[in-house]
Amino acid sequence: MIQKAADVKLKVLPVLATAEHLYYYEGPCRFGFGEALQPGYDRLANAQKVEQFLTKVKECCSEGIELMEPVYLERTDDWDNHEAMWEKAAGPARECDFAVCMQGIACDDLIMEFAERFKKPIATTPISGFSGTITVATMKARSAEYEAYGFYKWEDLARTMKTLRARKVIQTTRILCITRFGSTTSYSSVDSFNSYEAITSKLGVRFRFLNLHEFFDQLSPAVEGGNPTTPGRKTPDLTDEDLKAAEAITDELIAGAEECAMAREKILPSAIAYVMIRKNMDLKDCCGFTMPCPDACSTRRLNEIGFTACLTHSLNMEQGIPSACEYDVDAVLSQQALIAVSGKRPYMGNTCPIPMENGHLSARFGTTPEQLAKLEALADNENLYMMQHSVAHRRIADPDKNAKYAVRNFAYDQGFGATIRYDFDADAGQKMTFCRFSPDGSKLFIGSGEIVMGGGYEGYNCSQLVYFKVKDQAKTWKAQCLAGNHCTLVYGDYVRELTDLAESLGVEPVVAD
Amino acid sequence: MADTEQIKQLIVSSKRLAAADMAEIKAALPLTKAFFADKLRCYVLHKYMLDPDMELPENFSELTDLSLSRSMRISPELVKEFDLAKSCDGASSAMAKKVLLFMAIQRELGIELPAIESARITSLADLAELAWNEMLTASAWEGKLKA
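From first to last, the protein sequence lines stand for chains A and B. Numbered per this note's numbering, the first sequence spans residues 709 to 1221. Numbered per this note's numbering, the second sequence spans residues 2 to 148.
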């Protein structure tokens, strides 16, 4: 099954610790008038507090937050603490991701025992008054491993729940890596993660591998005796159903395009590759994808079959599934981070400054003299950046609606390799956020900018790009050099959300601004 | 001084009127649900020092805030502000006022209101419904109620 980021729910468990006085008495911990001191009063008063608490917590829940049925930790002034209560709490406690606690005077120990028993992140809320600091400080003093939050404002609870959901998205990410040589790096993205074990250990992300030649063999119908790379084995080869799905995708792409420069039969192999990649992702329960470019290209089998993975990446990304070129698993996870915090659809590519040297903007791969001249004519062109790859798609601006697009080939000479072209010109002035993890996963580079113009909509190959201006080109570059080349962007300002996510993952945020 | 005297008088007369409402509930034979709901409404409003003949909000929490604002001589908006400063057990004065009302109703009618449902009451009609349902199974009311 492919579990998209949008499908990931943060399970939030309200933990309600209450105390009930069984007798009439007054003293340093209890005071009041008349019936407020009578047995039975606390039963009703606690229900009021619980109702108010649950209403407030519900108001803090946004999309992707699942509020569970509450767990009650009830005691009386006999100071009872029965195992039966904990046994009842154990099921929901194990199931939850985050416990939001309500407690008052003389109940803090119950919340601490909950955290100690079940080792789940806990939070106190404004309703807990002084208990917030009491509980959180005690938990942190007992062990640095306890994750405890004390919120004095409800909006902080809402913000943190969003962050923890995004963290869960990252921690449950499974990436399908189609590889030819070593499973860590390809020849064109050595700045990708340098140790999968370290990334799994630190971030929880898992990597599932598939041999490139075995995959290529699957792109045609099964042959008697099994595929050449896996003789005698049953493999998920192309079926009639797969072919029909690929044909439908091809026809839909052609029909919806403002311009299609490719013949149907030239698009179809890329669509078949997409269908088969998704089939393998589904079989391996992966929600992210990457495969190499140069390593695959040099087998000459891409040429033989007549496809590139560009279309797969575009279609994945426009559906909220991270998918990166050139076996860049780092870029896959960076996309996932952006999807998780924004719910939007990412774009990725080679990312670099367009420097002003000797009064002119310097050319970079994919730029054209016409584009540079247009940029030079701008009043503010000192802090320009660009992102370039042929994996644009139709839902960059709006995750729910296709934008206008064109379909053009990647390979100039033979005309294969379907790519979707998106006109970034239409989005000039749009704020955007981009990011990339460092190769060791210890940092998350976070940049922001404003789109200036697009390029390559009418071009072929890898010439699709977007130009944007950043606050400070030099500072952005310096920070990016801690992360690497392929950055990924979404529209909107998500710097704060990404910073929160990085911190919750134990990753250092490196904000370009 | 005049203000203090006025408040004292209001408290005394409200208590008296509330007691009379409750006495009517107890004296009715059979006690119909409609009569009970009407008299319980008067009882609550009198306890809250509010005039049942006035135009009043339906919402129970708003009524509670209005009552607090009367007794504290501040606007209902300020009551909400004031309530942010809670006691060390996390209960607000509006919560306490509601619970004290429930305690009085329980005592007067010989019933025990279910806690969770009592916290979800949004109108006086809800309160009457909840209390009536408890009275239906209470020994003190056996044979005295008529739907």
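Ideal Cβ positions, reconstructed from N, Cα and C, are used throughout, including at glycine.
(1) Just to confirm the assignment, what range does the alpha helix (DSSP H) spanning Gly964(A) have?
(2) Could you name each continuous alpha helix (DSSP H) segment of 4 residues or more that falls completely within the stretch 709-737 of chain A, going from the start of the chain to the end?
(3) Can you tell me where the alpha helix (DSSP H) holding Glu853(A) begins and where it ends?
(4) Since I believe Ser1031(A) is in contact with Val1040(A) (beta carbons under 8 Å), could you give me their beta-carbon distance rounded to a whole number of angstroms?
(5) List the residues of chain A whose Cβ lies closer than 8 Å to the Cβ of Val45(B), in chain order.
(6) Kindly indicate if chain B contains any beta-carbon less than 9 Å away from that of Gly742(A).
(7) Mind listing the chain A neighbours of Ile106(B)? Cutoff is C-beta to C-beta under 8 Å, in chain order.
(8) Could you tell me whether the Cβ of Val100(B) comes closer than 9 Å to any Cβ of chain A?
(9) Is the Cβ of Val758(A) closer than 9 Å to any Cβ of chain B?
(10) Three or more C-beta pairs under 8 Å: does that hold for the stretch 748-758 of chain A against the stretch 1017-1034 of chain A?
(11) Measuring only between beta-carbons, confirm whether Ala20(B) sits less than 9 Å from chain A.
(12) Please return the same chain residues whose Cβ sits closer than 7 Å to the Cβ of Gln1079(A), not counting the five positions on each side in sequence.
(13) Round the Cβ separation of Arg873(A) and Val716(A) to the nearest angstrom and send it over; I've been treating them as touching at under 8 Å.
(14) Can you find a CB in chain A that lies within less than 9 Å of the CB of Ser93(B)?
(15) Verify whether the separation of the beta carbon atoms of Pro1000(A) and Lys1052(A) is less than 9 Å.
(16) Take Leu911(A) and list the residues in its own chain whose beta-carbon comes closer than 7 Å to its own, dropping the five residues that flank it on each side.
(17) Could you give the distance in angstroms between the alpha-carbon of Leu114(B) and the alpha-carbon of Tyr732(A)?
(18) Within 10 angstroms of its Cβ, does Met50(B) collect 16 or more other Cβ (buried), or is it exposed?
(19) With 9 Å as the threshold, decide whether the Cβ of Gly748(A) is near any Cβ in chain B.
(20) Ordered along the chain, which non-local residues of its own chain (more than five positions away) have a Cβ less than 8 Å from that of Glu1158(A)?
(21) What residues are listed by DSSP as bridge partners for His1068(A)?
(22) Take the Cβ of Thr763(A) as the centre, count every other Cβ of all protein chains shown within 10 Å, and call the residue buried at 16 or more, exposed below.
(23) In this structure, what does DSSP give as the bridge partners for Tyr1055(A)?
(24) Can you tell which of Val720(A), Gln811(A) and Met810(A) has the C-alpha that lies nearest to the C-alpha of Ile773(A)?
(25) Along the chain, where does the alpha helix (DSSP H) containing Arg1116(A) start, and where does it finish?
(26) Between the alpha carbons of Glu777(A) and Phe923(A), how many angstroms are there, rounded?
(27) Would you call the CB atoms of Thr892(A) and Asn902(A) closer than 9 Å?
(28) Determine the DSSP secondary structure at Glu1090(A), reduced to helix, strand or coil.
(29) Going by beta carbon distance, what residues of the same chain come within less than 6 Å of Arg1022(A), once the five residues before and after it are set aside?
(30) Would Leu1092(A) pass as an interface residue toward chain B - the criterion being a Cβ-Cβ separation below 9 Å?
(31) Buried or exposed: which applies to Ala86(B), given that a residue is buried once 16 or more other Cβ atoms fall within 10 Å of its Cβ?
(32) Report the CB separation of Tyr860(A) from Pro834(A) in whole angstroms; it is logged as a contact under 8 Å.
(33) Inspect the CB distances between the stretch 129-140 of chain B and the stretch 22-39 of chain B and report whether three or more fall short of 8 Å.
(34) Please identify, using Cβ separations under 9 Å, the residues of the stretch 117-137 of chain B that lie next to chain A, in order along the chain.
(35) Measure the Cβ-Cβ separation of Phe1118(A) and Asn1169(A) and say whether it is below 9 Å.
(36) If we ignore side chains and look at the alpha-carbon of each, how far apart do Leu718(A) and Leu1209(A) end up?
In short, the structure shows the following:
(1) The residue you call residue 964(A) lines up with position 256 of the first sequence. Asp948 to Gly964 is the extent of the alpha helix (DSSP H) around Gly964(A).
(2) List check, alpha helix (DSSP H) in window: nothing returned.
(3) Stepping through the first sequence from its first residue, residue 853(A) is reached at position 145. Premise fails: Glu853(A) is in no alpha helix (DSSP H) and is neither H nor E.
(4) Position 332 of the first sequence holds residue 1040(A). Position 323 of the first sequence holds residue 1031(A). Val1040(A) to Ser1031(A), Cβ: 7 Å. Contact.
(5) In the second sequence, the residue the question calls residue 45(B) occupies position 44. Under the 8 Å cutoff, chain A gives no residues; its nearest Cβ is about 15 Å from Val45(B).
(6) Locating residue 742(A) in the first sequence gives position 34, where the first residue counts as 1. Cβ-Cβ to chain B under 9 Å: yes for Gly742(A).
(7) Residue numbering aside, residue 106(B) sits at position 105 when the second sequence is read from its first letter. Neighbours of Ile106(B) on chain A: none; closest Cβ ~10 Å, over 8 Å.
(8) Counting from one through the second sequence, the residue named residue 100(B) turns up at place 99. At least one chain A Cβ lies under 9 Å of Val100(B).
(9) One-based indexing of the first sequence puts residue 758(A) at position 50. Chain B contact via Cβ: present.
(10) Contact fails: fewer than three Cβ-Cβ distances are below 8 Å.
(11) The residue given as residue 20(B) occupies position 19 in the second sequence. Answer no: the Cβ-Cβ gap between Ala20(B) and chain A never drops below 9 Å.
(12) Here residue 1079(A) corresponds to residue number 371 of the first sequence, with the count starting at 1. Excluding positions up to five away in sequence, the list reads Gly1163.
(13) For the purposes of this step, residue 873(A) is identified with residue 165 of the first sequence, where counting begins at 1. For the purposes of this step, residue 716(A) is identified with residue 8 of the first sequence, where counting begins at 1. About 7 Å; that satisfies the 8 Å criterion.
(14) As a first step, residue 93(B) must be located in the second sequence, where it is residue number 92. Chain A, which has a Cβ nearer than 9 Å to the Cβ of Ser93(B), makes this yes.
(15) Sequence index remark: in the first sequence, residue 1000(A) carries index 292 (1-based). Sequence index remark: in the first sequence, residue 1052(A) carries index 344 (1-based). No.
(16) Looking up residue 911(A) in the first sequence gives position 203. Taken in chain order, the residues that qualify are Ile878, Gln879, Gly1149 and Leu1213.
(17) Along the second sequence, one-based indexing puts residue 114(B) at 113. Along the first sequence, one-based indexing puts residue 732(A) at 24. Computed Cα separation, rounded: 20 Å.
(18) The count along the second sequence starts at 1 and reaches residue 50(B) at position 49. Buried: at least 16 other Cβ atoms inside 10 Å.
(19) Here residue 748(A) corresponds to residue number 40 of the first sequence, with the count starting at 1. Chain B, which has a Cβ nearer than 9 Å to the Cβ of Gly748(A), makes this yes.
(20) Here residue 1158(A) refers to the residue found at position 450 when the first sequence is read from its first residue. The residues are Gly1137, Gln1138, Lys1139, Met1140, Phe1176 and Lys1177.
(21) To locate residue 1068(A), count along the first sequence from 1; it is residue 360. Answer is Glu1065(A).
(22) Translated into the one-based positions of the first sequence, residue 763(A) becomes position 55. Counting other Cβ atoms within 10 Å of its Cβ, Thr763(A) stays below 16 and is therefore classed as exposed.
(23) Counted from its first residue, the first sequence places residue 1055(A) at position 347. Looking at the DSSP assignment, Tyr1055(A) forms a beta bridge with Leu1197(A).
(24) Taking the first sequence and counting its residues from 1, one reaches residue 773(A) at position 65. With distances taken between CA atoms, Ile773(A) lies nearest to Val720(A) out of Val720(A), Gln811(A) and Met810(A).
(25) For the purposes of this step, residue 1116(A) is taken as residue 408 along the first sequence, with counting starting at 1. First-last for Arg1116(A): Tyr1113 to Asn1117, but that is the beta strand (DSSP E), not the alpha helix (DSSP H).
(26) Your numbering for residue 777(A) matches position 69 in the first sequence. Your numbering for residue 923(A) matches position 215 in the first sequence. Roughly 45 Å between the two C-alpha positions.
(27) On the first sequence, residue 892(A) is found 184 positions in, with the first residue counted as 1. On the first sequence, residue 902(A) is found 194 positions in, with the first residue counted as 1. Yes, these two residues count as a Cβ contact at 9 Å.
(28) Residue numbering aside, residue 1090(A) sits at position 382 when the first sequence is read from its first letter. Of the three classes helix, strand and coil, the one that applies to Glu1090(A) here is coil, per DSSP.
(29) Residue mapping note: residue 1022(A) aligns to position 314 of the first sequence, counting from 1. Here residue 1022(A) turns out to be Ser, not Arg, going by the sequence shown. If we look at Ser1022(A) and ignore the five residues flanking it on each side, its Cβ neighbours are Val1099, His1101 and Ile1128.
(30) Looking up residue 1092(A) in the first sequence gives position 384. No, because no Cβ of chain B sits closer than 9 Å to the Cβ of Leu1092(A).
(31) The residue labelled residue 86(B) in the question sits at position 85 within the second sequence. The predicted position of Ala86(B) is uncertain, since its pLDDT is 48 and thus under 50; no value can be drawn from it.
(32) Taking the first sequence and counting its residues from 1, one reaches residue 860(A) at position 152. Taking the first sequence and counting its residues from 1, one reaches residue 834(A) at position 126. At roughly 6 Å, the Cβ-Cβ gap stays under 8 Å, so Tyr860(A) and Pro834(A) are in contact.
(33) They touch, by the three-pair rule.
(34) If the cut-off is 9 Å between Cβ atoms, the stretch 117-137 of chain B has Ile117, Glu118, Ser119, Ala120 and Arg121 near chain A.
(35) To locate residue 1118(A), count along the first sequence from 1; it is residue 410. To locate residue 1169(A), count along the first sequence from 1; it is residue 461. Closer than 9 Å, so yes.
(36) In the first sequence, counting from the first residue as 1, residue 718(A) sits at position 10. In the first sequence, counting from the first residue as 1, residue 1209(A) sits at position 501. Their backbone Cα atoms lie some 14 Å apart in a straight line.
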